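Top to bottom, those sequences are chains A and B. Counting in my numbering, the first sequence runs from -5 upward without gaps. Counting in my numbering, the second sequence runs from -5 upward without gaps. Please read the structure below before turning to the comments.
2 protein chains.
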Amino acid sequence: MSATTTTVAEAAHGLGLDWNTTDPVEVRRRIRAGRFHGHTGALAKGYVQANLAILPADYADEFARFCQRNPKPCPLLAMSEPGSPHLPELGEDLDLRTDLPSYRVFRDGELDGDVRSIEDLWRDDFVAFALGCSFSFEEALIDAGLPIRHWRDGSLCPVYLTDIECTPAGRFRGRMVVSMRPFTPADAIKAVQITSRYPRVHGAPVHLGMPERIGIEDVERAWQGDDPVVEAGRIPVFWACGITPQVAVRSARPPIAITHTPSHMLVTDVRNATLSVG
Amino acid sequence: MSATTTTVAEAAHGLGLDWNTTDPVEVRRRIRAGRFHGHTGALAKGYVQANLAILPADYADEFARFCQRNPKPCPLLAMSEPGSPHLPELGEDLDLRTDLPSYRVFRDGELDGDVRSIEDLWRDDFVAFALGCSFSFEEALIDAGLPIRHWRDGSLCPVYLTDIECTPAGRFRGRMVVSMRPFTPADAIKAVQITSRYPRVHGAPVHLGMPERIGIEDVERAWQGDDPVVEAGRIPVFWACGITPQVAVRSARPPIAITHTPSHMLVTDVRNATLSVG
């Protein structure tokens, strides 16, 4: 993801003076009104942000099975009624056609471009899936005093395509995408403990310490996001990533599919703390 | 610990034909009768085994504080009344003077030798401490399907002296001793999850992946126990070890102190499963 719009630091800098960035309802209204198009990472602290995937009904059952079989990259938080752009369990006034700052449109599995609204594209047979996102567990890590390197640097989290094959479901298949955060060994242990409590937002890491063992040749070269800095004494810790369904969509090649643009998430009214299982 | 008596495999081999090795009461009776002197690792499966430390009352309060301040190496399961060789919360008929297969005697902080009974040494001012032991969490790891390399090899768990300073308490101070088990990265993550549920038997690892960062120069050379095999694709995972109090005893230099001989533990009537906090 080179040359993306706004970094987290820029987004945070431009916020908070003239509107309430901590209220998820106001954040969505601001986005819906076309007045915010940046990354959502710094917004609505304490509330769940979600990955979005929208598919024609003909593909929905297969994709639901794909999520069920691959809960670490695709933790399903909510699934819409066919044709409905609403997910009331995630927010009462939530409208999936307008409430994300940027959408990514795929046609026949190929990226067609990013758009700021999908009102024109909406179809009566669309089914929407909201999947857990790492922002939730990053908040838990930060609350526990663990430093998140890419937040400190104001850069995007590095993301890699692994050689770990997801369990296929119908036409959906593909390799797992992972995100990486470097930690000292002692903090890596704490990070496993903390994120294990959040299975609905990717849960525990899938790997640590040996990138080459999951098909990552050079951990300092990200596949998407920004190249990371891994200081001496830090080990790379890898979590399953919500970009994985985009890889599966490329494989399934539906005539149309819509996702969020990376880092431009669906902001919900669900509190992160309610997702903890321990 | 060179030239020790019996390996785990040898101990297991010589057992089980003429007596019930799974009943902790019978195991203790057999030891008390002088009919078993080997490692206890293969005995009384499902029951907690404990590290033992016995000190004169003049040292007991300071040692209790040392345990309280260093709960990972010294998780205190029980503490006796002064002069009492019993720990009723760990076993009704338990007698600390006779019920361990081997004891280690320290005089003025120096190792004086190993003995099979401490009836002759018992004093009215002795206070006994029972500390959690890794056998309990190893059982939980094995039950979850994780391979414990040194069990498979029939060798002793490798143990190292780190450069991690324990929090001192009075005359007790010293560096932390750790035990090591190698795992694949995915299994290392599971091992963190599983052992985190057992804080009373050392809990989560204290370190993984970078032995040199905790003062271990060569992970293939154990300080005590047997030298390990760390296969390619495995990372070393380190847990705080119950041998740590022996280091602190050497520093405090009490006129007399008695511990278990490594791997010759106190077998209790408490079930491992009752120690799980999650």
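The beta-carbon is built from N, C-alpha and C at its ideal position, and this holds for glycine as well. Remember, predicted model here, so these are calculated numbers, not experimental data.
query: Within 10 angstroms of its Cβ, does B:Ser(-4) collect 16 or more other Cβ (buried), or is it exposed?
result: As a working mapping, residue -4 of chain B is identified with position 2 in the second sequence. Unreliable placement is indicated for B:Ser(-4), whose pLDDT of 37 sits below 50; no coordinate value is reported for it.
- request: Could you work out which residues of chain B lie near A:Arg207, taking near to mean beta carbons separated by less than 7 Å?
  value: If you number the first sequence from 1, residue 207 of chain A lands on position 213. Near A:Arg207 (Cβ distances below 7 Å), the residues of chain B are Pro179 and Gly227.
field: Interface partners of B:Pro199 on chain A, CB under 7 Å
entry: As a position in the second sequence, residue 199 of chain B is number 205, starting the count at 1. Listed by position along chain A, the residues whose Cβ is nearer than 7 Å to that of B:Pro199 are Ile183.
- prompt: Could one say the Cβ of B:Gly139 lies closer than 8 Å to chain A's Cβ atoms, at least one of them?
  reply: On the second sequence, position 145 is the one that residue 139 of chain B refers to. Cβ-Cβ to chain A under 8 Å: no for B:Gly139.
task: Return the CA-CA distance between B:Pro152 and A:Tyr41, expressed in angstroms with no decimal places.
output: Against the second sequence, residue 152 of chain B aligns to sequence position 158. Against the first sequence, residue 41 of chain A aligns to sequence position 47. Each residue's alpha carbon lies about 45 Å from the other.
query: Taking 8 Å as the CB-CB limit, is A:Met170 close to chain B?
result: Taking the first sequence and counting its residues from 1, the one referred to as residue 170 of chain A is at position 176. Against chain B, the CB of A:Met170 has no partner CB under 8 Å away; the residue lies outside that interface.
- prompt: Thinking C-alpha only, which one of A:Ala124, A:Val213, A:Arg215 and A:Pro222 is nearest A:Phe57?
  reply: Taking the first residue of the first sequence as position 1, residue 57 of chain A is located at position 63. Taking only the C-alpha atoms, the option nearest A:Phe57 is A:Ala124.
task: Please list, in chain order, all residues of the same chain as B:Arg59 whose beta carbon is under 6 Å from its beta carbon, the five residues on each side excluded.
output: Working through the second sequence from its first residue, we reach residue 59 of chain B at position 65. Beyond the five residues adjoining it in sequence on each side, B:Arg59 comes within less than 6 Å, by CB distance, of Ala163 in the same chain, given in chain order.
field: Cβ neighbours of A:Thr161 in the same chain (closer than 7 Å, five flanking residues each side left out)
entry: For the purposes of this step, residue 161 of chain A is identified with residue 167 of the first sequence, where counting begins at 1. Once the five neighbours on either side are set aside, the close Cβ partners of A:Thr161 are Arg63 and Asn64.
- prompt: Is DSSP giving B:Ile183 helix, strand or coil here?
  reply: Position 189 of the second sequence holds residue 183 of chain B. DSSP, read as helix, strand or coil, puts B:Ile183 in helix.
- prompt: To the nearest whole angstrom, what separates the beta carbons of A:Ala185 and A:Leu150, a pair I think is in contact under 8 Å?
  reply: Looking up residue 185 of chain A in the first sequence gives position 191. Looking up residue 150 of chain A in the first sequence gives position 156. Not a contact, Cβ separation roughly 19 Å.
field: Interface residues of chain A facing B:Gln187 [CB-CB closer than 7 Å]
entry: Looking up residue 187 of chain B in the second sequence gives position 193. The contacting residues are Val186, Ser190 and Ala198.
field: For B:Thr238, the three-state DSSP class (helix, strand or coil)
entry: As a working mapping, residue 238 of chain B is identified with position 244 in the second sequence. Helix at B:Thr238.
query: If B:Ile252 and B:Val99 are in contact, beta carbons under 8 Å, what's the gap, nearest whole angstrom?
result: Within the second sequence, residue 252 of chain B is the residue found at index 258, counting from 1. Within the second sequence, residue 99 of chain B is the residue found at index 105, counting from 1. The C-beta distance from B:Ile252 to B:Val99 rounds to 6 Å, short enough to meet the 8 Å contact threshold.
- request: Could you work out which residues of chain B lie near A:Met204, taking near to mean beta carbons separated by less than 8 Å?
  value: Against the first sequence, residue 204 of chain A aligns to sequence position 210. Under the 8 Å cutoff, chain B gives Pro179, Gly227 and Ile229.
- request: Count the other C-beta atoms from every protein chain shown that fall within 10 angstroms of the C-beta of B:Ala5, then say buried if there are 16 or more, exposed otherwise.
  value: Working through the second sequence from its first residue, we reach residue 5 of chain B at position 11. Residue placement at B:Ala5 is flagged as unreliable, the pLDDT there being 48, under the threshold of 50; a coordinate-derived value is accordingly withheld.
query: Just how far apart, CA to CA, sit B:Glu133 and B:Arg207?
result: On the second sequence, position 139 is the one that residue 133 of chain B refers to. On the second sequence, position 213 is the one that residue 207 of chain B refers to. The alpha-carbon atoms of B:Glu133 and B:Arg207 are separated by roughly 28 Å.
- prompt: With B:Arg117 and B:Pro50 assumed to form a contact (beta carbons below 8 Å), what rounded beta-carbon distance in angstroms separates them?
  reply: Position 123 of the second sequence, counting from 1, holds the residue named residue 117 of chain B. Position 56 of the second sequence, counting from 1, holds the residue named residue 50 of chain B. Confirmed, about 7 Å.
field: Candidates B:Ser130, B:Phe166 and B:Pro176, of which the one nearest B:Val261 by Cα
entry: For the purposes of this step, residue 261 of chain B is taken as residue 267 along the second sequence, with counting starting at 1. Checked all of B:Ser130, B:Phe166 and B:Pro176; the closest Cα to B:Val261 is B:Ser130.
CB contact flag (B:Leu88, B:Arg22, <8 Å): Looking up residue 88 of chain B in the second sequence gives position 94. Looking up residue 22 of chain B in the second sequence gives position 28. In contact: B:Leu88 and B:Arg22 (Cβ atoms closer than 8 Å).
- request: Taking all protein chains shown into account, decide if B:Asn14 is buried (16 or more other Cβ within 10 angstroms of its Cβ) or exposed.
  value: Your numbering for residue 14 of chain B matches position 20 in the second sequence. Classification for B:Asn14: exposed.
- request: Would you identify the three-state DSSP class for A:Ala44, choosing helix, strand or coil?
  value: Indexing the first sequence from 1 puts residue 44 of chain A at position 50. DSSP places A:Ala44 in strand when its eight states are reduced to three.
- prompt: CA-CA distance, B:Ala145 and A:His196?
  reply: The residue given as residue 145 of chain B occupies position 151 in the second sequence. The residue given as residue 196 of chain A occupies position 202 in the first sequence. The residue you asked about is not Ala; residue 145 of chain B is Trp in the sequence shown. B:Trp145 and A:His196 have their alpha carbons spaced roughly 33 Å apart.
field: Distance between A:Leu90 and A:Arg175 (C-alpha atoms, nearest Å)
entry: To locate residue 175 of chain A, count along the first sequence from 1; it is residue 181. To locate residue 90 of chain A, count along the first sequence from 1; it is residue 96. If you take the alpha carbons of A:Arg175 and A:Leu90, they lie about 30 Å apart.
task: Could you tell me the boundaries of the alpha helix (DSSP H) in which A:Ser128 lies?
output: Numbered from its first residue, the first sequence carries residue 128 of chain A at position 134. Annotation for A:Ser128: the continuous alpha helix (DSSP H) segment containing it runs Ser128 to Asp137.
field: Straight-line Cα distance separating B:Thr92 from B:Asp263
entry: Translated into the one-based positions of the second sequence, residue 263 of chain B becomes position 269. Translated into the one-based positions of the second sequence, residue 92 of chain B becomes position 98. Answer to the nearest angstrom: the Cα atoms are 16 Å apart.
task: Report yes if the C-beta of A:Ile183 is less than 7 Å from at least one heavy atom of the ligand FAD; otherwise report no.
output: No copy of the ligand FAD appears in this structure; indeed no ligand is present at all.
message: Report the CB separation of A:Ala242 from A:Gly126 in whole angstroms; it is logged as a contact under 8 Å.
response: Your numbering for residue 242 of chain A matches position 248 in the first sequence. Your numbering for residue 126 of chain A matches position 132 in the first sequence. Contact doesn't hold; Cβ gap of about 16 Å is too wide.
Backbone CA spacing between B:Val2 and B:Pro222 [nearest angstrom]: By one-based count along the second sequence, residue 2 of chain B stands at place 8. By one-based count along the second sequence, residue 222 of chain B stands at place 228. Reliability fails at B:Val2, whose pLDDT of 44 lies under 50, so the model's placement of it is uncertain and the value that follows must be treated cautiously. Going by the C-alpha atoms only, they are around 15 Å apart.
message: Within a Cβ cutoff of 8 Å, which residues of the same chain sit near B:Arg265, ignoring the five residues on either side of it in sequence?
response: Within the second sequence, the letter at position 271 stands for residue 265 of chain B. Cβ within range, chain order: Gly40, Tyr41 and Val42.
message: Quick check on this structure: which residue in B:His254, B:Asp181 and B:Val271 has the alpha carbon closest to the alpha carbon of B:Gly32?
response: For the purposes of this step, residue 32 of chain B is taken as residue 38 along the second sequence, with counting starting at 1. Minimum Cα distance to B:Gly32 is reached at B:His254.
message: Using 8 Å as the threshold, is the C-beta distance between A:Ile229 and A:Phe166 below it?
response: The residue given as residue 229 of chain A occupies position 235 in the first sequence. The residue given as residue 166 of chain A occupies position 172 in the first sequence. Taking 8 Å as the Cβ cut-off, A:Ile229 and A:Phe166 do not qualify as a contacting pair.
message: Tell me which residues share the same chain as A:Asp181 and place their Cβ nearer than 6 Å to its Cβ, disregarding the 5 neighbours each side in the sequence.
response: Mapped onto the first sequence, residue 181 of chain A falls at position 187. Here the set comprises Leu140.
- prompt: Distance, Cα to Cα, A:Glu214 vs A:Asp106?
  reply: For the purposes of this step, residue 214 of chain A is identified with residue 220 of the first sequence, where counting begins at 1. For the purposes of this step, residue 106 of chain A is identified with residue 112 of the first sequence, where counting begins at 1. Cα to Cα, the separation comes out at about 29 Å.
- request: Report buried or exposed for B:Ala267, applying the criterion of at least 16 other Cβ atoms within 10 angstroms of its Cβ.
  value: The count along the second sequence starts at 1 and reaches residue 267 of chain B at position 273. Counting the other CB atoms within 10 Å of its CB gives B:Ala267 a total below 16, which places it among the exposed residues.
message: I want to see whether chain A comes within less than 8 Å of B:Gly272, judged by CB atoms only; does it?
response: Position 278 of the second sequence, counted from the start, is the residue given in the question as residue 272 of chain B. Interface criterion met: the Cβ of B:Gly272 is under 8 Å from a Cβ in chain A.
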